[in-house]
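Residue numbers (the numbering used here): 1460 to 2078. Data first, discussion second: the structure below is written as structure tokens.
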């Protein structure tokens, strides 16, 4: 069966490239750092962050650090199939090889477009099924290689942000994407209208493949393609602003990241630096975002959608719930979980750890869990499909992407040298396992995020940590779940409101005001410090390169927590995890959860249940 590479791949690629740590709240971190500096310089002063009740977890200073790592005793040694014997349902176009052996070549998109045009003419002139497939298969291979080179160029760029060659190549690929997608869609529409439709589905494309093109003729609209190219250019413009950010400080142009990490800055100087950073970059990013909102709303209008949210939900994310359902869901999150915010915000655990040690702990946990998780880990190591190295030139954050021509997932982690890197690696490795097992066939972003978030929780009980470390991480992860729900609900609400503004209301001032209101609804309010959190919305990359995505973190986290609850109750979480993975390809989240007899995130009383569970776990 042929998988759709265009139509979805542009947004899916963008999504997988987003920074990890979806619950990280950049504005709060800046304020916490400022508070730390206040405590160092003026220990008797009143702090401005809400801190009651305060339950900060730190490393013990007693001999408890000598405690031996522990893990639950397994009555049966887990086993797994070697990857050389594991049967995947996909066959790679190009032979598998280590990542460093892959060679980048700019795809010949002009030749692909010529071939698409000839194919369309053949179909419309009454070509037979065999003739159509003979013409199509070489094009299919060419587009598969194109998508692979696109992903590869981005990986190489993120490994070294100073590499202008791969930066330019990735942006070039992104510009070509809607043009190729348009040509492909025109061919598929012609096939859908052809008398050979049924034969084509039987012989190659799969049952009901062309149903999608009966209702979704996006790229056939020249105006939409033009708008999408504008959108891609604006996204690239935003990303360019995220590298090498500088401000004028004491008469010199200095790096923002280096300045904010300068421990010699006192409390007031630190806040002054934050203000200077926001004052420079907030207006620049707001200008880009205003243009993006206008372009995206124009796309939705051109395609006869009532809103861009409805278009994105249906076309990009394949969601089986509506923006209207999400509005009620967001209110439920605020009502049930905001009362836990102060506890969760201050319940964190930190301990120094080298990236390699974090990787080794995940390796041990993967082999302890066995099955496809261990098989995927073997495969990843054999072909060196990961990077956890430290480098000042790497892009911050983490992601998993897929190299279609080789049928190989790739895991990227920018470490923080902290024990929480274990959870970051587990998260991205969860994506890797899903990509490996399902040949990247889990097209629902909501389902994608189940396997990353659930694996974090499942590994809590099998990774070789001391009891202190394990319990500290367990409490911290419960707090992190609360922060994820609240922060992503805040972002989703903010984004929805902005896309509903009239064009004359699209201003940086309104964006900042609305973001402040959302922060106060879901998170916190700090009188007198609004200018240190209201402008910080521009740091959330999702708004710019994956519009209306963030709600996926909430609904998928609910599903992941149901897996974790089963693990705590009767040890069935891992079995459920594997079952969900076997059902996820081509499925939507509510259908998947119903099939597995789990609760919908939107069911009545569900958020109240989560509140009780997470409050208990934090204790």
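By construction, the Cβ of each residue, glycine as well, lies at the ideal position given by its N, Cα and C atoms. Since we're looking at a predicted model, the values are computed, not measured.
### Query
Between which two residues does the alpha helix (DSSP H) carrying residue 1758 extend?
1726-1761
Practice problem: Can you have a look at residue 2078 and say buried or exposed, based on whether 16 or more other CB atoms are within 10 angstroms of its CB? | Solution: exposed
Buried or exposed for residue 1617, please, with buried defined as at least 16 other CB atoms from any protein chain shown within 10 angstroms of its CB.
That one is buried.
Discussion item. Tell me the residue span of the beta strand (DSSP E) that contains residue 1870.
Written reply: 1867-1872
(Q) Spatial neighbours of residue 1688 within its chain, please: C-beta separation below 6 angstroms, excluding the five flanking residues on both sides. (A) Closer than 6 angstroms at Cβ, skipping near neighbours: 1637.
Rounded C-alpha distance that separates residue 1769 from residue 1763
10 angstroms
Per DSSP, which residues does residue 1922 bridge with? Please list them. According to the DSSP secondary-structure assignment, residue 1922 is paired through a beta bridge with no residue.
| Thinking C-beta only, is residue 2009 closer than 8 angstroms to residue 2060? | No; because the gap between Cβ atoms is not below 8 angstroms, this pair is not in contact.
Which of the three DSSP states is assigned to residue 1862 in this structure? Of the three classes helix, strand and coil, the one that applies to residue 1862 here is strand, per DSSP.
When DSSP labels each residue in this structure, what does residue 1835 get in the three-state scheme?
-> In this structure, residue 1835 counts as helix in the three-state DSSP scheme.
With distances taken between CB atoms, is the gap from residue 1646 to residue 1578 smaller than 8 angstroms?
yes
* Cβ-based neighbour list, residue 1682, same chain, cut-off 7 angstroms, excluding 5 preceding and 5 following -> 1761
Let me know the secondary structure DSSP gives residue 1723 once reduced to three states.
-> coil
Quiz item: For residue 2005, does the three-state DSSP call read helix, strand or coil?
Solution: coil
By the DSSP assignment, the alpha helix (DSSP H) with residue 1694 in it spans what residues? 1681-1700
> Quick one, are the C-beta atoms of residue 2045 and residue 1889 less than 8 angstroms apart?
Replying inline: When the beta-carbon positions are compared, residue 2045 and residue 1889 stay at least 8 angstroms from each other.
Practice prompt. Would you identify the three-state DSSP class for residue 1652, choosing helix, strand or coil?
Written response: coil
(request) Leaving out five residues on either side along the sequence, give the residues of the same chain with a beta carbon under 7 angstroms from the beta carbon of residue 1813. (result) 1876
Rounded C-alpha distance that separates residue 1713 from residue 1740: 14 angstroms
**Prompt:** What is the DSSP secondary structure of residue 1509, counted as helix, strand or coil?
**Reply:** With a pLDDT of only 34 at residue 1509, under the threshold of 50, the placement of this residue in the model should not be trusted, and no figure is reported.
Practice item. State the Cα-Cα distance for the pair residue 1736 and residue 1704, rounded to the nearest angstrom. Key: Each residue's CA atom was taken as its position, placing residue 1736 and residue 1704 some 9 angstroms apart.
| request: In the DSSP assignment, find the beta strand (DSSP E) that holds residue 1562 and state where it starts and stops. | output: No beta strand (DSSP E) contains residue 1562, which DSSP labels as neither H nor E.
Item to complete: Determine the DSSP secondary structure at residue 1571, reduced to helix, strand or coil.
Response: Residue 1571: helix per DSSP, three-state reduction.
Item to complete: May I ask which residues mark the beginning and end of the beta strand (DSSP E) holding residue 1714?
Response: 1711-1714
Exercise. Of all the options 1651, 1644 and 1700, which has the alpha carbon lying nearest to the alpha carbon of residue 1676?
Worked result: 1644
Item to check | Local conformation of residue 1595 per DSSP, three classes | outcome: helix
Confirm the yes/no value for this check: CB of residue 1869, any heavy atom of the ligand NAD, distance under 7 angstroms.
-> The ligand content of the structure shown is nil, which means the ligand NAD is not present either.
Would you check if the distance between the CB atom of residue 2023 and the CB atom of residue 1938 is smaller than 8 angstroms? no
| field | Identity of the residues DSSP links to residue 1706 by a beta bridge | value | 1713
| task | Can you tell me which of 1976, 1585 and 2034 puts its alpha carbon nearest to the alpha carbon of residue 1793? | result | 1976
Nearest to residue 2004 by alpha carbon, out of 1694, 1711 and 1858? 1694
### Query
Where does residue 1790 fall in DSSP's three states?
helix
Report the residue from 1790, 1950, 1629 and 1642 whose alpha carbon sits nearest the alpha carbon of residue 2064. 1790
Practice item. Tell me, please, which residues DSSP counts as bridged to residue 1845. Key: Looking at the DSSP output, residue 1845 sits in a beta bridge with 1870.
Going by the CB atoms, is the gap between residue 1724 and residue 1732 shorter than 8 angstroms? yes
Query raised in the report: Within this structure, are the beta carbons of residue 1648 and residue 1672 separated by less than 8 angstroms?
Result: The beta carbons of residue 1648 and residue 1672 sit closer together than 8 angstroms.
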